[in-house]
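Protein chains in written order, with the numbering used here: chain A, 14 to 326; chain B, 1269 to 1378; chain C, 333 to 1142.
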Amino acid sequence: MDTVVDAPTKTFIQVTEIWVPEADRLVLAEGNYGGLAAFEEATRAISFGKGEGLPGKAWAEERPVVLKGFDGSYFKRIEAAAEAGLTSAVAIPVFDDATLKAVLVVLCGDDETRTGAIEVWHEEDGLMMLDDGYYGAARHFEWVSQHTHFPRGQGLPGGVWSANTPMLFRDLGSGYRFIRADSAGKAGLTTGLGLPIPVPQDKTFVLTLLSARGTPIARRFEMWDARPVKVGKETAAILADGICERDGPLWTDDTQQEPRRVTAHQGNIGKVLATGLPLVASGKPSLTEGYDSMVALPIYDDGAISHIIAWYC
Amino acid sequence: MSWIDIGHIEDVPLRGARLVKTAVGCVAVFRTDETEVFAASNTCPHKQGPLSEGIVHGHKVTCPLHNWVFDLNTGEAQGADEGRIATYPVRLEDGRILLDGDSVAKRSAA
Amino acid sequence: MQKLVVIGAGMATGRMLEHLRDTDPGAYEITLFNAEPRGNYNRIMLSPVLSGEKSFAEIVTHDEGWYADNAITCRFGEKVLSVDTERKVVTGEQGEVAYDKLVFGTGSSAFIIPVPGHDLPGVVAFRDLEDTTAMTEAAGKPGARAVVIGGGLLGLEAAAALRLRGMEVTVLHIASHLMERQLDPAAGYLLKKDLEKRGIEVLLEASTKEIVGNGRAEQVNLADGTELPCDIVVMAVGIRPAVTLAQEAGVACGRAIKVDAQMRTETPDVFAVGECVEFEGNLFGLVAPLYDQAKVLAKTLLGEDTSFAMRELSTKLKVTGCDLFSAGDFAEGEGREDIVFRDPARGIYKRLVIEDERLIGAVMYGDTADGNWFFGLIKDGTDISEMRETLIFGPAYQGGSSVDPLSAVAALPPDAEICGCNGVCKGDIVAAIEGGATDLGAVRAITKASNSCGTCTGLVEQVLSVTLGDDFVLPTAQPVCGCTDLTHEDVRRLIKAQELKSQEAVWQELGWKTRNGCHVCRPAVNFYLLADWPLDYRDDPQSRFVNERNHANIQKDGTYSVMPRMWGGMTTPEELIAIARAAEKYGATVKVTGGQRIDLLGIRKEDLPAIWHDLNEAGMVSGHAYTKGLRTVKTCVGSDWCRFGTQDSTGLGIKLEKKLWGSWTPHKVKLGVSGCPRNCAEATCKDVGIICVDSGYQIGVGGAAGMDVKEVERLVDVKTEAEAIEWTTAFVQLYREHAKYLDRPYKWVAKVGLDWVKEVLSDAAERTALVERFDVSQSVYQKDPWAERAEPEAARRFQPLADLTAQAAE
């Protein structure tokens, strides 16, 4: 497979880590630190108890957590982060019913040129309200989002909420495809991925990743469906939807062509199916669709993986 | 029906068969499971292979000569082959195999 | 070149053109008309475009480049005004084009209910990109409201999409439950609940009275007085075939253009395909039969003989997060029976309709996992009487689940050895793949894995699959039989790796699909188990072919042949007298065989124990002329008698036969020992053939003289008789441990390569170990089967269980 030669100017997410519970602490399982060696070193030396630091908070509070500005916060790696230029982070817990499988943490730098959005929405009084989000330079869009709420079934957060499955929206900024479309268009946001984040308590959280062309969250998104509804009794997943800068649309209409399918253990997605854990891979483009790195995140429903979301950049 | 005691279940090897001579010809008694027996004609309609010498699998037997497979419930040949073997009522009682005597008695010449 | 004109660039004609160009690109000069100003796109994917989950560019099936590459003249955005079937000319807005063959693919148009106001601006159908764009624009106004008239597939997809776009949506449906043609009331109820959860209002038994507004649609009034203000009205109540053009051209139409099974209309050289056709009174709206028609029409146009046939259809609704499935006929009726499963907590409903022991309909909501399986049962008309009790639970209850051979490979650590020949471990292979080796050949070239004996090829492919995912296509290996998806190699490997020591363990752990195998896999598994676990596993006679179970060869008349062993082909007067007596006593025909033995033919099964007993008495044992095992060692008289003989070939033959007899092998094994290169024992076409020379012994392997004729290849030259026996034994054991059941040694050697065999056997320690393992096996299996079965208790089994002939005569 060809590797991508036209490297992106900058990626929106600079560091991705996976923390897994070991006894009563969270330890680092995998991480992609780009070139931030010192921050990586600082990270490898620590672990988190329940309630400690950002990953521990996501675990204890059983919810995704957005943290902007580390100074004076509960963030444990303030100095190292400051030196690496990292200013914001989002922690996403992966729960299988009541069991914590892992915490995915993404860290971003503050930069007037980086545009994108990572948002956490929650349900309140029958509406999806913005919990918090990290927007980089998309300040106006941030303001719009803070003042927008979504009824069930409407827009990306409302759609994910009512369908209880991940959704991938195209061309956020063109036409009227998106409630915040006008502002999204001005901010250069193109692709939106929304996913339900199941937690043990009866609460609804939706995570959205909104990607811009210049500083993409990812240059390739994949949405794999692993429910028996789609794959039968076998532990497997089909590529239900996806979009790639290089390969174009990644879905197939099932009357035209069978979708891509992997079984447990087959490649990176197969590994997530088999282990039930999120995955970060980097530095092996031949295994990550020609891109430098990938993140794959399982979503659980009813005691089993229902979907796997993967993004590559 | 007139049930005739033809032997003990242990006289037939598991997933094997034994032969019973009757007025209508040789009948094979198949033991498909610990306590499950079937009775059918011993003779394959294809080239008269002795079915009691075939490999017994599931509720089926494979003829040792040319691998025709018969369903012991119905006697029907399976797959592409066409043919049927006669089946006979058989049952187990306290480990004894009982074969329906009427079904294997010589038909009257009427 | 003939001229083909196609009217309408829809999904059916698009598919038809593809087939035509794939099969015979030069058959026609093609002109394609389309009233829409664009080419073929995937119309059934318009609803995700409407919702924003797809972009229009993604659903274009044939772009400009495709038409250009295939030299199709496109007249898009141009309406066809008329067709003259006499002159064979099509007239478009831009002029005429002549045809030799004409295809109508005019599709269908939305059915618009003729209520007052139906022609107001703001009333749209949901058929094409223009409609979709109109709806998208309407959704742009904050708080905009949509009324969707029609609660069928299309209406509901539109409603859900408009809701996602932020509209307030009301669905009006005339019937008492949604999708009444595809769903029963219970599933319709669940669907309504699901849509209401998305904030969509659903009004059933809603009759539209009128659409009113000032210059454009602003409100829908229902017959019951309900008033629904709106910004757009979507009319999705149904479609009607677009046949005006065909009718005007005089092509025979009923409800649509009438076609036969070759898609021919009643007018010569005029064809039709898609939603505009009527076949045996049927109209078509779902895509699957349209594709069938497209294929048939392409063949018809190319002069090939084929027919369109109706088939069962299943329905899916493209609303993200809504899982419903329906197929077949589920109306209630006499003689029909229902099986219903409900799980209210999880919103699951399944209903199966059975008639005459066959499944004729299935409706499922919430859990549609088994939909395709049920659909298959409906299509095939499978008799379901035997699985009736568990049918509703789906295929998982009907047979064993399959194992995943990849899990074992995925679990291997990086330092696990994959290729024993070249010492390549998993980590080396993974590193090569990461470095860009994406197929077997590349991995072989870089790591040398599977480059020698090749038995690890499957394993290397599985490492490729685990590492690369579906970018690597695992070759479809030939499974042992229908009972399993595993190959012989997989089964052998897993028996060793998972230490499976009984047939039950193999069936269970390797996920056999049948209760206890079949006549193909049972003998193979039985052999693998006894070869790998001689001390733990007990040979199962019921898994053996009749000859090996009865220790005699069955003949075509059901009698058997009996052949006593004659070591190295040597015999004595006493043995010959005993054989002659037995032949007389049991009425045998006597034949001298090619392997230097005497065969007694025509023995009845009941007499086998008795003749064996008689031959045993004279000191003879079974000659195993019936086994996948050592058959005979053929020898010449050697240095004892022959003036050319260089060594005691007879003596070596006898020793080899005494060493090897009674062992089971994947297929039969025949040996020959010749005392000199003149080769009177024909050793050079045997599985193992030894030629004695002055300097010692030349051992050749892999000869054949059956359906294939093949000369042996030299394995090794040795100096002493003891070495010759050791090498031969080690070779046979290696064959026992590695070969696929029913592969003769020459086939096995061809697969693994003689070099590999040589390499393994040239290691003295390996040779010793092989011989030791062989000896362990022989401690169990080197027994005369005749003597065992001549015992009265065992002999009884050769008699009929009962004789009812006397009884019946009474």
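Glycine included, each C-beta is placed from N, C-alpha and C at the ideal position.
Contact belief for residue i with residue j at Cβ below 8 Å, rounded distance in angstroms
| i | j | result |
| --- | --- | --- |
| C:Ala581 | C:Ile532 | C:Ala581 to C:Ile532, Cβ: 43 Å. No contact. |
| C:Leu1066 | C:Val1089 | 7 Å |
| C:Gly439 | C:Gly340 | 6 Å |
| C:Thr770 | A:Ser299 | 7 Å |
| C:Ile680 | C:Asp661 | Actually they are not in contact, since the Cβ atoms of C:Ile680 and C:Asp661 sit about 22 Å apart, beyond 8 Å. |
| C:Ala476 | C:Asp563 | 4 Å |
| B:Glu1321 | C:Val878 | 4 Å |
| B:Phe1338 | B:Leu1319 | 7 Å |
| B:Ala1291 | B:Val1372 | 6 Å |
Where the beta strand (DSSP E) containing residue i begins and where it ends
| i | result |
| --- | --- |
| B:Thr1342 | Unbroken run through B:Thr1342: none, as it is neither H nor E. |
| A:Asp109 | 99-109 |
| C:Ser441 | 440-442 |
| C:Leu628 | The sequence shown places Val at residue 628 of chain C, rather than the Leu named in the question. Element bounds for C:Val628: not the beta strand (DSSP E) but the alpha helix (DSSP H), 619-633. |
| C:Asp401 | Where C:Asp401 is concerned, there is no enclosing beta strand (DSSP E), although the alpha helix (DSSP H) it sits in stretches over 396-401. |
| C:Val1050 | 1045-1050 |
Opposing strand residues paired with residue i [DSSP bridges]
| i | result |
| --- | --- |
| C:Arg587 | In the DSSP output, where bridge partners are listed per residue, C:Arg587 has none listed. |
| A:Ala176 | According to DSSP, A:Ala176 bridges with nothing at all. |
| C:Asp614 | Sequence inspection shows Asn at residue 614 of chain C; the Asp mentioned does not correspond to that position. Per DSSP, C:Phe611. |
| C:Gln334 | C:Tyr360 |
| B:Asn1335 | Bridge partners of B:Asn1335: none, in fact. |
| A:Thr29 | A:Asn45, A:Val119 |
| C:Val812 | According to DSSP, which records beta bridges pairwise, C:Val812 is partnered with nothing at all. |
| C:Asn374 | None; C:Asn374 has no bridge partner. |
| C:Phe725 | DSSP, once it has assigned bridges, lists no residue as partnering C:Phe725. |
| A:Leu206 | A:Leu181, A:Leu222 |
| C:Asn366 | C:Phe408 |
| C:Trp996 | C:Gly961 |
Unbroken alpha helix (DSSP H) run spanning residue i, endpoints
| i | result |
| --- | --- |
| C:Pro1124 | 1124-1127 |
| B:Gly1275 | It is not in any alpha helix (DSSP H) - B:Gly1275 instead sits in the beta strand (DSSP E) that spans 1271-1276. |
| C:Ser797 | 789-800 |
| C:Arg881 | 878-882 |
| C:Arg720 | Looking at the DSSP string, C:Arg720 is not in any alpha helix (DSSP H), and its letter there is neither H nor E. |
| C:Asp354 | 343-355 |
| C:Ala1062 | 1053-1070 |
| C:His820 | 820-829 |
Closer than 8 Å, Cβ to Cβ, to anything on chain B: give me those residues from the region 890-902 of chain C, in chain order. Gly890
If we require 3 or more residues per run, which beta strand (DSSP E) segments fall completely within the region 280-324 of chain A? 292-295, 306-314
Can you give me, in chain order, the residues of the region 640-662 of chain C that have a beta carbon less than 7 Å from any beta carbon in chain A? Residues passing the 7 Å Cβ filter: Thr652, Gly653, Asp655.
Ranges of the alpha helix (DSSP H) found wholly within the region 901-951 of chain C, counting only runs of at least 4: Runs of the alpha helix (DSSP H) inside the region 901-951 of chain C: 905-917, 940-949.
Taking the runs of the alpha helix (DSSP H) that are 4 residues or longer, which of them lie wholly in the region 55-87 of chain A? 66-74
Every unbroken beta strand (DSSP E) within the region 477-557 of chain C, with a cutoff of 3 residues, ordered by chain: 477-481, 500-504, 533-535, 540-544, 551-554
Near-chain C residues of the region 271-282 of chain A (beta-carbon distance less than 7 Å), N- to C-terminal order: Arg273, Arg274, Val275, Thr276, Ala277, His278, Gln279, Gly280, Asn281, Ile282
Please list, in chain order, the residues of the region 298-310 of chain A that have any C-beta partner in chain C closer than 7 Å. Ser299, Leu300
Of the residues that make up the region 775-802 of chain C, which ones have a beta carbon closer than 7 Å to any beta carbon in chain A? Ser797, Val798, Thr799, Leu800, Gly801, Asp802
Could you list the residues in the region 554-572 of chain C with a C-beta less than 8 Å from some C-beta on chain B, going in chain order? none
Taking beta-carbon pairs under 9 Å, can you tell me which members of the region 877-888 of chain C lie near chain B? Phe877, Val878, Asn879, Arg881, Asn882, Ile886, Lys888
Quick one: which residues of the region 161-186 of chain A get their C-beta closer than 7 Å to a C-beta of chain C? List them in chain order. Those residues of the region 161-186 of chain A that come within reach of chain C (Cβ to Cβ, closer than 7 Å) are Pro164, Arg165, Gly166, Gln167, Gly168, Gly172, Ser175, Ala176, Asn177, Thr178, Met180, Leu181, Phe182, Arg183, Asp184.
Short of 9 Å Cβ to Cβ, which residues in the region 255-266 of chain A face chain C? So the close ones are Ile256, Gly261, Pro262, Trp264, Asp266.
Select from the region 222-244 of chain A all residues with a C-beta closer than 9 Å to any C-beta belonging to chain C, and list them in chain order. Arg240, Pro241, Val242, Lys243, Val244
In chain order, which alpha helix (DSSP H) runs of at least 4 residues are fully inside the region 835-865 of chain C? 835-841, 853-864
Going along the chain, which residues of the region 351-375 of chain C sit with their C-beta nearer than 8 Å to a C-beta in chain A? Those residues of the region 351-375 of chain C that come within reach of chain A (Cβ to Cβ, closer than 8 Å) are Asn374.
Looking at chain A, which residues of the region 746-757 of chain C have a Cβ within less than 8 Å of any of its Cβ atoms? none
Just list the alpha helix (DSSP H) runs in the region 670-726 of chain C, keeping only unbroken ones of 4 residues or longer that don't cross its boundaries, in chain order. 703-712
Identify every run of the beta strand (DSSP E) within the region 127-180 of chain A, keeping only runs that are complete inside it and at least 3 residues long; order them along the chain. When DSSP assignments are scanned along the region 127-180 of chain A, the uninterrupted stretches of beta strand (DSSP E) that are 3 or more residues long and fall wholly within it turn out to be 128-137, 140-149.
List in chain order: all unbroken beta strand (DSSP E) runs of 3+ residues lying wholly within the region 416-459 of chain C. Taken in chain order, the complete beta strand (DSSP E) segments of 3 residues or longer contained in the region 416-459 of chain C are 421-424, 427-430, 433-436, 440-442.
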